[in-house]
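Written out below as structure tokens is the structure these notes cover.
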Amino acid sequence: MAQIDDFFMYENRVEGITDADYQRAQPYVEAAQAFAQTTYQSIYIIDYYRKNFLYVSDNPLFLCGHTADEVRQMGYGFYLSHVPEDEVPMLTELNRSGFRAFYDEPVENRRQCMMSYDFHITNGNRLLLVNHKITPLAMTTEGHVWLALCTVSLSPHKEAGHIEFFQFHTGEKREYSLESHRWKIRETITLKPEEKQILTLSAQGYTMKEIAEKMLHSFDTVKFYRRQIFEKLDVQNITEALAFATNYGLV
1 MAQIDDFFMY ENRVEGITDA DYQRAQPYVE AAQAFAQTTY QSIYIIDYYR KNFLYVSDNP
61 LFLCGHTADE VRQMGYGFYL SHVPEDEVPM LTELNRSGFR AFYDEPVENR RQCMMSYDFH
121 ITNGNRLLLV NHKITPLAMT TEGHVWLALC TVSLSPHKEA GHIEFFQFHT GEKREYSLES
181 HRWKIRETIT LKPEEKQILT LSAQGYTMKE IAEKMLHSFD TVKFYRRQIF EKLDVQNITE
241 ALAFATNYGL V
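Numbering follows full-length UniProt numbering, with no gaps: position 86 of the sequence shown is 86.
Here it is in structure tokens:
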């Protein structure tokens with residue numbers, strides 16, 4: 001059975017953090033609180049020095065019936081209590097693999113990295129698939145992650161996994177295979193301006209006919225573009241397409 005320490009790596013050991021450091025980190029918490037007020041997503045901050053959560057937002061998506069303060073006090077114990085037992089090994093593995101990818105980067109580039117993955121959380125008998133993103137927020141002088149900012153949203157996929165590592169300074173995206181236990185470069189998805197416009201108008205509630213009128217295209221042309229969107233994003237309908245495009249910043 002997994003233990004809390006399984007989520008932490010010796011390579012990312014954080015030492016020497018003082019009370020004064022926590023005072024200086026307070027603006028990070030205040031910024032996260034402000035951000036949480038603008039979104040349905042759950043926001044929280046991981047503290048790798050104390051091995052717990054420094055902040056958890058009130059947004060209910062991630063709380064599984066608890067209060068934010070209860071989840072904050074549970075820390076990593078929350079995962080052991082509310083992630084299906086057969087998915088916990090995936091979380092510990094991607095933690096290790098993600099940090100290795102992170103440490104492959106020069107110290108000056110590490111703030112420009114982000115990892116994204118999907119897993120289920122349980123609330124009683126309810127099983128919910130969420131997308132989890134994590135990026136460095138505060139680092140030690142040695143380049144170790146002290147604080148990390150996490151966001152939790154509804155997943156656009158149908159199963160757990162989809163582990164990806166983003167390098168914003170280069171635009172490179174990597175995908176992790178749980179079968180080969182390796183990272184591989186992922187082909188970048190690019191949408192045409194017309195495809196982006198169709199997604200934007202669809203999000204605003206316009207029908208296919210209305211979209212065709214607004215874009216000054218025929219109905220069949222809009223239908224063709226929409227089919228191209230579904231193929232590129234590997235989705236079945238416009239709802240899934242919108243969720244995917246929003247989650248991956250394509251629109």
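Beta carbons are placed, not taken as given, at the ideal position from N, Cα and C, and that holds for glycine.
Being a predicted model, the structure only gives us computed values, none of them experimental.
Ordered along the chain, which non-local residues of its own chain (more than five positions away) have a Cβ less than 8 Å from that of Lys173? Glu164, Phe165, Phe166, Gln167, Ile185, Arg186, Thr188
Proximity winner among Glu87, Lys232, Cys150, relative to Ser42 (alpha-carbon distances): Cys150
DSSP state of Glu142, grouped into three classes? coil
Ile17, DSSP secondary structure in three states: coil
Residues of its chain near Ile229, where Cβ-Cβ distance is below 6 Å and the 5 sequence neighbours each way are ignored: Glu195, Ala241
Under a three-way DSSP split, which group does Asn123 fall into? strand
Beta strand (DSSP E) segment containing His82, residue limits: First-last for His82: 77 to 82, but that is the alpha helix (DSSP H), not the beta strand (DSSP E).
Cross-strand partners of His132 (DSSP beta bridge): Tyr117, Val152
Please go through the same chain and pick out, in chain order, the residues whose beta-carbon is closer than 6 Å to the beta-carbon of Ala245, but skip the five residues on each side of it. Leu199, Val251
First through last residue of the beta strand (DSSP E) which encompasses Ile45: 42 to 47
Which residues does DSSP pair with Arg50 in a beta bridge? In DSSP, Arg50 forms no bridge with anything.
Keeping to the same chain, check which residues put their C-beta closer than 6 Å to that of Phe99; ignore five residues upstream and five downstream. Met9, Asn12
Within 6 Å: the Cβ of Asn59 and any heavy atom of the ligand MN? Among the components modelled here there is no ligand, and therefore nothing to report on the ligand MN.
Using only alpha-carbon positions, find the residue among Thr67, Leu216, Ala148 that is nearest to Asp58. Thr67
Please report the residue range of the beta strand (DSSP E) in which Gly161 lies. 161 to 167
Find out if the Cβ-Cβ distance for the pair His169, Gln112 is shorter than 7 Å. yes
Would the beta-carbon of His82 fall within 7 Å of that of Thr39? no
Distance, Cα to Cα, Ala20 vs Gln26? 10 Å
Enumerate in chain order the residues of its own chain whose CB-to-CB distance from Ile134 is below 6 Å, with the five nearest sequence positions on each side excluded. Met115, Ala148, Cys150
CB Tyr117 to CB Leu137, shorter than 7 Å? no
Assign Ala36 to buried or exposed, taking buried as 16 or more other Cβ atoms, counted over all protein chains shown, within 10 Å of its Cβ. buried
Any idea what DSSP makes of Lys158, helix, strand or coil? coil
Skipping 5 residues on each side, what residues in its chain have a beta carbon closer than 6 Å to that of Leu54? Ile45, Asp47
Taking just the CA atoms, how far does Tyr79 sit from Arg227? 38 Å
Do the CB positions of Val71 and Ala2 come within less than 7 Å of each other? no
Buried or exposed for Pro193, please, with buried defined as at least 16 other CB atoms from any protein chain shown within 10 angstroms of its CB. exposed
How long is the line joining the alpha carbons of Glu231 and Gly65, rounded to whole angstroms? 37 Å
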